[in-house]
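Peer 1: Got a structure for you, questions after.
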Amino acid sequence: MSIIVTGSIAWDYLMRFPGRFKDHILSDQDKLSVSFLVDEKERHRGGTAPNIAYNLALLGERPKIVAAAGHDFEDYRQWLESVGVDTSHIAIHPDEFTATFSVITDLDHNQIASFHTGAMARAREIDLRPIARNANWVIISPDDPAAMVNHTAACREVGVPFVYDPSQQLARISRDDFMHSLQGASVLAVNDYELELAKKLSGLDEAGLLTYVQAIVVTRGPDGASVITREGEVHVPAAQPEAVVEPTGVGDAFRAGLLVGLNAGYDWETTLKLGNTAAVYVIERIGTQNHHYTREEFLARVRENYGELPALETCCRRSKIED
949 MSIIVTGSIA
959 WDYLMRFPGR
969 FKDHILSDQD
979 KLSVSFLVDE
989 KERHRGGTAP
999 NIAYNLALLG
1009 ERPKIVAAAG
1019 HDFEDYRQWL
1029 ESVGVDTSHI
1039 AIHPDEFTAT
1049 FSVITDLDHN
1059 QIASFHTGAM
1069 ARAREIDLRP
1079 IARNANWVII
1089 SPDDPAAMVN
1099 HTAACREVGV
1109 PFVYDPSQQL
1119 ARISRDDFMH
1129 SLQGASVLAV
1139 NDYELELAKK
1149 LSGLDEAGLL
1159 TYVQAIVVTR
1169 GPDGASVITR
1179 EGEVHVPAAQ
1189 PEAVVEPTGV
1199 GDAFRAGLLV
1209 GLNAGYDWET
1219 TLKLGNTAAV
1229 YVIERIGTQN
1239 HHYTREEFLA
1249 RVRENYGELP
1259 ALETCCRRSK
1269 IED
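Take 949 as the starting number for the sequence shown in our numbering and just add one per residue.
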């Protein structure tokens, strides 16, 4: 039995411009044609599915990624396997590039970014049903919109519990697709801003959304995380980082902790504490998969922030990465 992670796979290219965009953009011109000479460029492994899966591997799971990638994925695939992620269900398309996110950041932290979907657009061709039949949990994280609709339908058909995590795709999916995907989900996972988008898109308040899903898990940045159910709301304050460096990928790490708690059958308070603690490691590093820890280090971090928890005796016992 396993946890299946669906979502995007991407290479992230991060560049820095040692000036200010505003000094090179003429506001009185109708046309824009600019070029920026960058002095730093970094390539990082990214995409929601590998980000979540990597953190699950750190937490002792052997997650399976179900997603689409291109001909430039092999190095990434080998690395994921080396850290304990099952990549055997990733569809490789030799005629496509893996999705690519490129961003230039200036001295004022303004950004110019682009995203090339590449092979991600082929994720809609994947049939999740035969893979998901024996899974404990599936998370449907941001991906090709049609693929997300297909995957939620597949989970309902085979009867596997799933977390619906639409995130940034809330801005582009239709109301019909959103409501269809919500139906039967065990958890809707959003941040506080995305919760408002979900309410606007659906025309429902939290109580209305809970007629479609069993629980709404809401991350609230430095204020921690909450879960809203028909019985009420549970809130857990954030774990404290040693430094705040870069928030990208924090939500994906939280979702890994969430899945560990759900898979183990922990109560909501314990589950949110695991998610918050997993998230805090990411914010302390640049890159979404550049952090690591042992089981003992992770559990010590949980205790440091939240005290002793009985569930910790059984948590995360199959850690794949030791340092």
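For each residue, glycine too, the CB sits at the ideal point set by N, CA and C.
This structure is a prediction, so every number in the text was calculated from the model and none was measured.
Going by beta carbon distance, what residues of the same chain come within less than 6 Å of H1037, once the five residues before and after it are set aside?
Peer 2: So the list reads K1012, V1014, I1079, once near-sequence residues are dropped.
Peer 1: Ends of the alpha helix (DSSP H) at E1105?
Peer 2: That run of the alpha helix (DSSP H) goes 1093–1106.
Peer 1: Look at I1164 and V1192 and say whether their C-beta atoms are less than 7 Å apart.
Peer 2: No, the Cβ-Cβ distance between I1164 and V1192 is not below 7 Å.
Peer 1: Is the beta carbon of T1225 less than 7 Å from the beta carbon of A1187?
Peer 2: Yes, Cβ-Cβ distance for T1225 and A1187 is below 7 Å.
Peer 1: Hey, out of G1018, I1000, L1157, P1258, whose CA is closest to T1196's CA?
Peer 2: Here the closest residue by C-alpha is I1000.
Peer 1: Starting from Y961, trace the alpha helix (DSSP H) in both directions and tell me its first and last residue.
Peer 2: First-last for Y961: 958–964, but that is the beta strand (DSSP E), not the alpha helix (DSSP H).
Peer 1: Buried or exposed, going by whether 16 or more other CB atoms sit within 10 Å of the CB of K970?
Peer 2: Counting Cβ neighbours within 10 Å, K970 comes out exposed, since fewer than 16 surround it.
Peer 1: With a threshold of 8 Å, are at least 3 pairs of Cβ atoms found where one atom belongs to the segment 1023–1042 and the other to the segment 985–1001?
Peer 2: They touch, by the three-pair rule.
Peer 1: Count Cβ pairs between the segment 1228–1246 and the segment 1167–1178 that sit closer than 8 Å; are there 3 or more?
Peer 2: The segment 1228–1246 vs the segment 1167–1178: no contact.
Peer 1: Can you tell me the Cα-Cα spacing of E1261 and P1185, whole angstroms?
Peer 2: Distance between the alpha carbons of E1261 and P1185 is about 22 Å.
Peer 1: Which residues in the same chain have their Cβ closer than 8 Å to the Cβ of H1128, if we skip the five residues on either side of it in sequence?
Peer 2: Answer for H1128: V1097, T1100, A1101, listed in chain order.
Peer 1: For D1056, which residues from the same chain have a beta carbon less than 6 Å from its beta carbon, with the 5 sequence-adjacent residues on both sides left out?
Peer 2: So the qualifying residues of the chain are R968.
Peer 1: Take E990 and list the residues in its own chain whose beta-carbon comes closer than 7 Å to its own, dropping the five residues that flank it on each side.
Peer 2: Within the same chain, E990 has close Cβ partners L962.
Peer 1: Taking the DSSP output, what are the residues bridged to A1061?
Peer 2: BP columns for A1061 point to V1051.
Peer 1: Can you list, in chain order, the residues of its chain with a C-beta nearer than 7 Å to that of H1183? Leave out the 5 residues immediately preceding and following it.
Peer 2: Contacts found: G1172, S1174.
Peer 1: State the DSSP-derived secondary structure class of K970, mapped to helix, strand or coil.
Peer 2: Correct three-state label for K970: helix.
Peer 1: At a Cβ threshold of 7 Å, is E1245 touching chain D?
Peer 2: Annotation note: the requested chain D is absent from the structure, which comprises a single protein chain.
Peer 1: Looking at the unbroken alpha helix (DSSP H) that takes in V1230, where does it start and where does it end?
Peer 2: Where V1230 is concerned, the enclosing alpha helix (DSSP H) stretches over 1216–1231.
Peer 1: How many Å lie between L1149 and E1244 at the Cα?
Peer 2: So the two alpha carbons sit approximately 42 Å from each other.
Peer 1: Since L1006 is in the alpha helix (DSSP H), which residue starts that stretch and which ends it?
Peer 2: Here the alpha helix (DSSP H) through L1006 covers 996–1006.
Peer 1: Can you grab the Cα-Cα spacing for the pair T1159 / N1139, in whole Å?
Peer 2: Cα-Cα distance, rounded: 20 Å.
Peer 1: Please go through the same chain and pick out, in chain order, the residues whose beta-carbon is closer than 7 Å to the beta-carbon of A1094, but skip the five residues on each side of it.
Peer 2: Excluding positions up to five away in sequence, the list reads R1072.
Peer 1: Grab me the residues of I1269's own chain with a C-beta within less than 8 Å of its C-beta, minus the 5 sequence neighbours each way, in chain order.
Peer 2: Any reading at I1269 must be qualified, since the residue scores a pLDDT of 41, below 50, and its modelled position is unreliable; the value itself is stated next. For I1269, where only same-chain residues beyond five positions count, the Cβ hits under 8 Å are A1005, L1006, V1031, G1032, H1240, Y1241, T1242.
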